[in-house]
Amino acid sequence: QRTHRFEVDHLKIFFEQEMGAREVDYGETMAGIVRQFAAELSEEETDTPFYMVNLSHFARQYLRWNHYLSRIRPFYAVKSNPNGFIIRVLNELGAGFDCASVEELDVVRDQCGSNFDCASNIIYAHPCKPVSQIHRFRNAGVQFTVVDNKDELKKISVYWPEAKVLLRLRPDDAHSLNPLSSKFGASEHDCIEMLRLGRKLNIDLIGCTFHVGSRCCDAQIYAESIRMARRIFDVACSNEFGYKFQLLDIGGGFMGHHSEEPTLPKVAALINNTLNSLFPENEGVRLMSEPGRYFSSSGMTLVCRIIGRRIVTQSRLNQEILSSPHSLSPYSGDDTDSDANSIEQDEDDAVGGVCDDQPLPALAPLPAFSWAQQTYVTTPKIMWMSDKKNIYYINDGIYGTFNAIIFDQKTFITHYLRMSSPTEDNEKDISGKNEKHFKSVIFGPTCDSLDCVAHAIDLPVLNNGDILWFPDVGSYTCSSASNFNGFKTTKYVLFWNK
Ligand code: PLP
39 QRTHRFEVDH
49 LKIFFEQEMG
59 AREVDYGETM
69 AGIVRQFAAE
79 LSEEETDTPF
89 YMVNLSHFAR
99 QYLRWNHYLS
109 RIRPFYAVKS
119 NPNGFIIRVL
129 NELGAGFDCA
139 SVEELDVVRD
149 QCGSNFDCAS
159 NIIYAHPCKP
169 VSQIHRFRNA
179 GVQFTVVDNK
189 DELKKISVYW
199 PEAKVLLRLR
209 PDDAHSLNPL
219 SSKFGASEHD
229 CIEMLRLGRK
239 LNIDLIGCTF
249 HVGSRCCDAQ
259 IYAESIRMAR
269 RIFDVACSNE
279 FGYKFQLLDI
289 GGGFMGHHSE
299 EPTLPKVAAL
309 INNTLNSLFP
319 ENEGVRLMSE
329 PGRYFSSSGM
339 TLVCRIIGRR
349 IVTQSRLNQE
359 ILSSPHSLSP
369 YSGDDTDSDA
379 NSIEQDEDDA
389 VGGVCDDQPL
399 PALAPLPAFS
409 WAQQTYVTTP
419 KIMWMSDKKN
429 IYYINDGIYG
439 TFNAIIFDQK
449 TFITHYLRMS
459 SPTEDNEKDI
469 SGKNEKHFKS
479 VIFGPTCDSL
489 DCVAHAIDLP
499 VLNNGDILWF
509 PDVGSYTCSS
519 ASNFNGFKTT
529 KYVLFWNK
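Now the structure itself:
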């Protein structure tokens, strides 16, 4: 383990001189900081979305980790956010890295410089490895990897015989928001089979790993998994097998936000108690972990602009209904109304057009995605249009940062910030003091109607150029974003605070 360099003076120089970040005073509100950064964009950039990155957040998370889980060295799971800035900060402080692909390996090596030692600082933590990638990890000097099945052991014996291998166990991850056990992990019985095969193939099995599922809501699963690992350690080190197990990796799954339960102090207390009784320090087993979102989640804020809008305030809608010659239907009158009518008609057509004895198309049902403040349950096209809501188009969307709504079941918290004065569209509520809020839809920038960030969120009437900003967007967002239709948020503004 390397010397950690936490002193503020050292970090100040590192953040400012080596990473080009500037200090920001958190006495300002976050909204104030967003406004300040947005105001500094050049004229050509004003409608460019960007991330505000607080480098000191990553350092603080590292300090908290060391405080609560001092026996366990974190290997940051690069998949959660592979940006160079987070890798550099965590490397500076002494973390290792969990890489699952050559691309992740390359970015870590690029960021960490020529003295970086892959052997002690990287684990190739993918249980199913393409042979070509095994070659690259091996040539880079990486030592540690994981397996969860006998075929993979055979592959290792041929292509990476000197690897130090961890058996990946399969915990019960039913209480995790993003479970992994349907894809990876071996039962205790399978582990024993692998111990047997490992002996025959002369593989250097050195310990166990597990992943309790990402965002694990039940801390007891860590304790249960550590108990399972202890059982496998005991069998492996018994006379029957004679291995010298010396490494336990407790994986990821820790929450990314301080307020999310179970909090780090709670999980850590349980993990420490279990480790102290089952893997006491004097036994000399080394402990590591692979936290991803724990480090990356809260360090980034996304700042978007409204680049287009279609406004239908409720009072106008009421007026339209009253003044409409066909007052039975609120959807008749102007052009938009007839659009809505025709789409509703399509919906009717679709229902009427289904022939009972026709086989149903073999499509999986849509998952119940958790949208900002709403749950997405039905075909979006029809729903958006048949409701009279204000519509805003922003410059990042479901194919970009908000892909996490689908792939990570993430809920985004929406804040707005006026960059212009309210216009005549704005109305006051009954008290006459506050702005009225209206049900609004937020669409992303692409030409696809599925590109919807929120379909019924309460917002006042906002203008083109106003800002919507979203905190805590660091994990599983930019790492899985595409540039579909040519849109992708690529601008990062780095800062730090004391
Ligand atoms: N390690 C492995 C093997 C993983 O598959 C993952 C996430 O999928 C992680 C670590 C990181 O998990 P988390 O972000 O929940 O900490």
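Per the UniProt record's numbering, the sequence shown starts with residue 39, numbered consecutively.
Ideal Cβ placement from N, Cα and C applies to all residues, glycine included.
1. Can you give me the Cβ contacts of residue 129 inside the same chain, cut-off strictly under 6 Å, excluding the 5 residues immediately before and after it?
2. Please classify residue 167 as buried or exposed, where buried requires at least 16 other C-beta atoms within 10 Å of its C-beta.
3. Using the C-alpha atoms, what's the distance from residue 224 back to residue 96?
4. Name, in chain order, the residues that DSSP records as bridge partners for residue 428.
5. Evaluate the contact criterion for the stretch 71-78 versus the stretch 315-325: three or more CB pairs, one atom per stretch, below 8 Å.
6. For the ligand PLP, is there any heavy atom lying closer than 7 Å to the beta carbon of residue 331?
7. Once DSSP output is grouped into helix, strand and coil, what is the label at residue 242?
8. Count the other CB atoms within 10 Å of the CB of residue 69; is the residue buried (16 or more) or exposed (fewer)?
9. Pull up the distance between the alpha-carbon of residue 498 and that of residue 518, whole angstroms please.
10. If we require 3 or more residues per run, which beta strand (DSSP E) segments fall completely within the stretch 78-153?
11. Under 7 Å: does the beta carbon of residue 220 sit that close to some heavy atom of the ligand PLP?
12. Which same chain residues, not among the five before or five after residue 338, have their C-beta less than 6 Å away from its C-beta?
13. Mark residue 483 as exposed unless 16 or more other C-beta atoms lie within 10 angstroms of its C-beta, in which case mark it buried.
14. Give the C-beta separation of residue 201 and residue 242 to the nearest angstrom, bearing in mind that I take them to be a contact with Cβ-Cβ under 8 Å.
15. Under the three-state reduction of DSSP, which class applies to residue 207: helix, strand or coil?
16. Compute the distance between the beta-carbons of residue 160 and residue 146, then report whether it is under 8 Å.
17. State the start and end residues of the unbroken alpha helix (DSSP H) segment that holds residue 312.
18. Any heavy atom of the ligand PLP closer than 7 Å to the CB of residue 117?
19. Please tell me whether residue 194 and residue 203 are closer than 8 Å, where the distance is taken between their beta carbons.
20. Should the stretch 268-281 be regarded as contacting the stretch 208-222, the criterion being three or more beta carbon pairs within less than 8 Å?
21. Thinking C-beta only, is residue 46 closer than 8 Å to residue 535?
22. May I ask you to report which of helix, strand or coil DSSP gives residue 55?
23. Got a sec? Which residues, its chain only, sit under 8 Å from residue 83 by beta carbon, not counting five neighbours each side?
Concretely, from the data shown:
1. 150
2. buried
3. 33 Å
4. 478
5. no
6. yes
7. Residue state, collapsed to three classes: strand.
8. exposed
9. 31 Å
10. Qualifying beta strand (DSSP E) stretches, in chain order: 88-92, 110-115, 134-137.
11. no
12. 89, 91, 511, 512
13. When all chains shown are included, residue 483 counts as buried.
14. About 7 Å separates the two Cβ atoms, so the contact holds.
15. Residue 207: strand per DSSP, three-state reduction.
16. Contact flag set, yes.
17. 302-316
18. Indeed, a heavy atom of the ligand PLP lies less than 7 Å from the Cβ.
19. yes
20. no
21. no
22. helix
23. Excluding sequence neighbours, residue 83 sits near 529.
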